[in-house]
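Read in my numbering, the sequence shown has 203 at position 201, and its numbers run on one by one without any break. All residues carry an ideal CB built from backbone N, CA and C; glycine is no exception. In what follows, a structure is listed as structure tokens, so that the remarks can point back to it.
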Amino acid sequence: MAFESSCLRAESRYRSRVAPPRILLFEPDPQRAATLARTLEALRMPVAPVSTVAELAEAADGPESYVVAVSGLGGGGAARVRAVRDDARTAALAVLAIVSPGPAALGALKAGADDVISWPAPEALVRARFRNILATVRAGDESKRTAATFAGILESVEAREPHRIEHSARVGRLGADLARRAGLSATEVERVRIGGSLHDFGTIAIPDGILFKREPLTDGEFALMKSHPVVGFTLLREVPSLEPYLPFVLRHHERIDGSGYPDGLRGSELPLPLQLVSLADAFDAMTSSRPYRSVRDDRRTIQILEEEAAQGLWDRALLPLLVAATADQDEPSGPR
Numbered sequence: 003m004a005f006e007s008s009c010l011r012a013e014s015r016y017r018s019r020v021a022p023p024r025i026l027l028f029e030p031d032p033q034r035a036a037t038l039a040r041t042l043e044a045l046r047m048p049v050a051p052v053s054t055v056a057e058l059a060e061a062a063d064g065p066e067s068y069v070v071a072v073s074g075l076g077g078g079g080a081a082r083v084r085a086v087r088d089d090a091r092t093a094a095l096a097v098l099a100i101v102s103p104g105p106a107a108l109g110a111l112k113a114g115a116d117d118v119i120s121w122p123a124p125e126a127l128v129r130a131r132f133r134n135i136l137a138t139v140r141a142g143d144e145s146k147r148t149a150a151t152f153a154g155i156l157e158s159v160e161a162r163e164p165h166r167i168e169h170s171a172r173v174g175r176l177g178a179d180l181a182r183r184a185g186l187s188a189t190e191v192e193r194v195r196i197g198g199s200l201h202d203f204g205t206i207a208i209p210d211g212i213l214f215k216r217e218p219l220t221d222g223e224f225a226l227m228k229s230h231p232v233v234g235f236t237l238l239r240e241v242p243s244l245e246p247y248l249p250f251v252l253r254h255h256e257r258i259d260g261s262g263y264p265d266g267l268r269g270s271e272l273p274l275p276l277q278l279v280s281l282a283d284a285f286d287a288m289t290s291s292r293p294y295r296s297v298r299d300d301r302r303t304i305q306i307l308e309e310e311a312a313q314g315l316w317d318r319a320l321l322p323l324l325v326a327a328t329a330d331q332d333e334p335s336g337p338r
């Protein structure tokens, strides 16, 4: 049964990759929706009309790739684009606004559309616009699949040592939670999650004798261990689709007071998403067991981080996000 389920999942993933992306046509007016749908379907583009953001979110809840064609014909295009972007369920979808000629195009772009086309438009132009935006969607999907592959490699290395099992995956999840609470966009939240899951990739090149050592590291061993951000960055920078996640790999041990490594960056040199992953990494490391010390509970860990924030290592404004995130966790604190 397990083998059959695995085969079915593999087939589903295959079909989702070879099937043409679907167009979700967001147009509340049934007559205009039918006209646009007929035109797009004549271009051999599968179309699913929706009239609300809730319907859009439900239609997009699947493994396929999607482009949202937001209709502004008859007015309201910018408001509809903004509604798509403001809803966490749909914010990361690619959006092509279809608008009447005139100033509506600029309004749709300001509201968050990825591209705009004035309607009516020549068939060749419609094809070109959708082809461009579909290429962007596919590039994003490929980036996520590649990142998942490398994250799986890192997870297999971490699984060899009981004290590091799923560390990077937890950092990704906690970092994403902090990013949501900080009000970052759905796209940026996902970048934080993936970046967090890859942040320690350089540790795959650290000798087992150091990585899994049960006693505190010597100065020389610690210096080698501190090389893992640069090693990880060097390994992954040759993969173009991973470029959005490289800062998390290289900079997760930097601190805003300049005391971190490898480059001693400080303050505004460290963007908020990077600080969130660094904080999640520190929290998970402190609350996970280690061979050379007992596990710390969440409350004591936050006290330590507050002390470090008072010393300038962390932005104090981020700690309430961590307190809220850990308070909402379903599982009790303790060894992980």
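Confirm, please, whether the CB-CB distance from L27 to A71 is below 7 Å. To locate residue 71, count along the sequence shown from 1; it is residue 69. To locate residue 27, count along the sequence shown from 1; it is residue 25. Closer than 7 Å, so yes.
Local Cβ density within 10 Å of L127, reported as buried at 16 or more and exposed below that: For the purposes of this step, residue 127 is taken as residue 125 along the sequence shown, with counting starting at 1. Burial call: exposed.
Compare the C-alpha of R46 against each of A61, A161, A36, R24 and name the closest. Against the sequence shown, residue 46 aligns to sequence position 44. Taking only the C-alpha atoms, the option nearest R46 is R24.
K112: buried (16+ other C-beta within 10 angstroms of its C-beta) or exposed? Along the sequence shown, read from residue 1 onward, the residue named residue 112 stands at position 110. Flag for K112 reads exposed.
Sufficient close CB pairs (3 or more, under 8 Å) joining the stretch 179-193 to the stretch 216-229: no
Taking all protein chains shown into account, decide if P164 is buried (16 or more other Cβ within 10 angstroms of its Cβ) or exposed. Working through the sequence shown from its first residue, we reach residue 164 at position 162. Counting Cβ neighbours within 10 Å, P164 comes out exposed, since fewer than 16 surround it.
DSSP three-state assignment for P273, whether helix, strand or coil: In the sequence shown, residue 273 corresponds to position 271, counting from 1. The answer is coil: DSSP assigns P273 none of H, G, I, E or B.
Cα separation between D143 and R40? The count along the sequence shown starts at 1 and reaches residue 143 at position 141. The count along the sequence shown starts at 1 and reaches residue 40 at position 38. Answer to the nearest angstrom: the Cα atoms are 28 Å apart.
Secondary structure of A225, DSSP reduced to three states: The residue you call residue 225 lines up with position 223 of the sequence shown. A225: helix per DSSP, three-state reduction.
Have a look at the DSSP bridge pairing and note the partners of S73. Position 71 of the sequence shown, counted from the start, is the residue given in the question as residue 73. Beta-bridge pairing links S73 to I100.
Contact the stretch 155-169 vs the stretch 260-270: 3+ CB pairs below 8 Å: no
Taking the alpha helix (DSSP H) that S120 falls in, what are its first and last residues? On the sequence shown, residue 120 is found 118 positions in, with the first residue counted as 1. It is not in any alpha helix (DSSP H) - S120 instead sits in the beta strand (DSSP E) that spans 117-120.
Name the DSSP beta bridge partners of I25, please? Locating residue 25 in the sequence shown gives position 23, counting from the first residue. According to DSSP, which records beta bridges pairwise, I25 is partnered with V49, V69.
Should E125 go down as buried or exposed, given a rule of 16 or more other Cβ atoms within 10 Å for buried? Within the sequence shown, numbered from 1, the residue matching residue 125 stands at position 123. So E125 counts as exposed.
If you compare alpha carbons, which of E192, R175, V173 is closest to S145? As a position in the sequence shown, residue 145 is number 143, starting the count at 1. Minimum Cα distance to S145 is reached at E192.
Whose C-alpha, out of S280, L58, A107, is nearest the C-alpha of D88? Position 86 of the sequence shown, counting from 1, holds the residue named residue 88. For the residues S280, L58, A107, the minimum Cα distance to D88 belongs to L58.
Could you tell me whether the stretch 114-123 touches the stretch 199-213, where touching means 3 or more Cβ pairs closer than 8 Å? no
I'd like to know whether the C-beta atoms of G177 and L278 end up nearer to each other than 7 Å. For the purposes of this step, residue 177 is taken as residue 175 along the sequence shown, with counting starting at 1. For the purposes of this step, residue 278 is taken as residue 276 along the sequence shown, with counting starting at 1. Yes; because the gap between Cβ atoms is below 7 Å, this pair is in contact.
On the DSSP bridge list, what partners appear for D259? Sequence index remark: in the sequence shown, residue 259 carries index 257 (1-based). In DSSP, D259 forms a bridge with R268.
By how many angstroms is the C-alpha of T148 removed from the C-alpha of A36? If you number the sequence shown from 1, residue 36 lands on position 34. If you number the sequence shown from 1, residue 148 lands on position 146. Approximately 38 Å between the Cα atoms of the pair.
Burial state of P249, where buried means 16 or more other Cβ atoms lie within 10 Å: As a working mapping, residue 249 is identified with position 247 in the sequence shown. P249 should be labelled buried.
Under the three-state DSSP convention, the category K146 falls into: By one-based count along the sequence shown, residue 146 stands at place 144. Here K146 sits in helix by DSSP.
What separation, rounded to the nearest whole angstrom, lies between the Cα atoms of E160 and R216? In the sequence shown, residue 160 corresponds to position 158, counting from 1. In the sequence shown, residue 216 corresponds to position 214, counting from 1. Spanning the two alpha carbons is a distance of roughly 15 Å.
Identify the continuous alpha helix (DSSP H) that holds Q33 and give its terminal residues. Here residue 33 corresponds to residue number 31 of the sequence shown, with the count starting at 1. 32-44 is the extent of the alpha helix (DSSP H) around Q33.
CA-CA distance, G234 and L276? The residue labelled residue 234 in the question sits at position 232 within the sequence shown. The residue labelled residue 276 in the question sits at position 274 within the sequence shown. About 16 Å.
Integer-rounded CB distance, given that V325 should sit under 8 Å from I306: Locating residue 306 in the sequence shown gives position 304, counting from the first residue. Locating residue 325 in the sequence shown gives position 323, counting from the first residue. That belief does not hold up - the Cβ atoms of I306 and V325 are roughly 13 Å apart, past 8 Å.
Could you give the distance in angstroms between the alpha-carbon of I212 and the alpha-carbon of A311? For the purposes of this step, residue 212 is taken as the residue at position 210 of the sequence shown. For the purposes of this step, residue 311 is taken as the residue at position 309 of the sequence shown. Distance between the alpha carbons of I212 and A311 is about 29 Å.
Just verifying my parser: in three-state terms, what is the DSSP assignment at H254? Taking the first residue of the sequence shown as 1, we reach residue 254 at position 252. Of the three classes helix, strand and coil, the one that applies to H254 here is coil, per DSSP.
Within 10 Å of its beta-carbon, does G77 have 16 or more other beta-carbons around it, so buried, or fewer, so exposed? The residue you call residue 77 lines up with position 75 of the sequence shown. That one is exposed.
Measure the beta-carbon distance from A110 to A99 and round it to whole angstroms, keeping in mind my assumption that it falls under 8 Å. Residue 110 sits at position 108 when you count from the first residue of the sequence shown. Residue 99 sits at position 97 when you count from the first residue of the sequence shown. A110 to A99, Cβ: 4 Å. Contact.
Contiguous alpha helix (DSSP H) assignments of at least 4 residues, all confined to the stretch 277-328: 300-312
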